[in-house]
Ligand code: DGP
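Residue numbers (my numbering): -6 to 106.
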């Protein structure tokens, strides 16, 4: 989608520190990291949020979790890490392209703010 920063990153039209890309999923370092490891994992297709997910998105979103698991291992996080999806403005979603935050390499308290 034109004007979506994450679509631009997926297409290679905006800079990002990519850690994974395949035909369905792209992952890159968050520009404003909240933990020593803070990655964003996104479907390549523009989906604004979980509220817009359709049954046809199931294969890509299943693949997204496989990539999350692979990245957790690659970044040596298998002792514990957190996956976060902020969906909608009240939850703090600031980029309207569905993304999963992968946070790790520090202790993570609960509940989140
Ligand atoms: P959220 O608040 O859940 O929508 O998280 C959006 C995240 O995206 C936030 O942690 C900062 C990150 N972010 C925003 N713009 C960019 C960008 O242009 N590049 C990268 N790498 N991350 C970005």
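Idealized CB from N, CA, C, for every residue including glycine.
Do the CB positions of residue i and residue j come within less than 7 Å of each other?
| i | j | result |
| --- | --- | --- |
| residue 42 | residue 74 | no |
| residue 92 | residue 35 | yes |
| residue 61 | residue 76 | yes |
| residue 99 | residue 24 | no |
How close, in whole Å, do the beta carbons of residue i and residue j come, if the pair is a contact with beta carbons under 8 Å?
| i | j | result |
| --- | --- | --- |
| residue 32 | residue 39 | Actually they do not touch by this definition, with Cβ atoms about 19 Å apart. |
| residue -1 | residue 59 | Their Cβ separation, rounded to whole angstroms, is 19 Å, which puts residue -1 and residue 59 out of contact at 8 Å. |
Closer than 8 Å by C-beta to residue i: which residues in its own chain qualify, once you throw out the five before and the five after it? Chain order, please.
| i | result |
| --- | --- |
| residue 45 | 91 |
| residue 105 | 77 |
Could you name the residues of the same chain whose beta carbon sits closer than 7 Å to that of residue i, not counting the 5 residues immediately before and after it, in chain order?
| i | result |
| --- | --- |
| residue 17 | 36, 37, 53 and 56 |
| residue 10 | 21 and 22 |
| residue -6 | 0 and 39 |
Quick one, which of the options has its alpha-carbon nearest residue i's?
| i | options | result |
| --- | --- | --- |
| residue 19 | 94, 86 and 100 | 94 |
| residue 13 | 84, 64, -6 and 80 | 64 |
Short of 6 Å in beta carbon distance, which residues of its chain neighbour residue i, apart from the five on each side in sequence? Order them along the chain.
| i | result |
| --- | --- |
| residue 1 | 7 |
| residue 68 | 30 |
| residue 101 | 75 |
| residue 79 | 85 and 86 |
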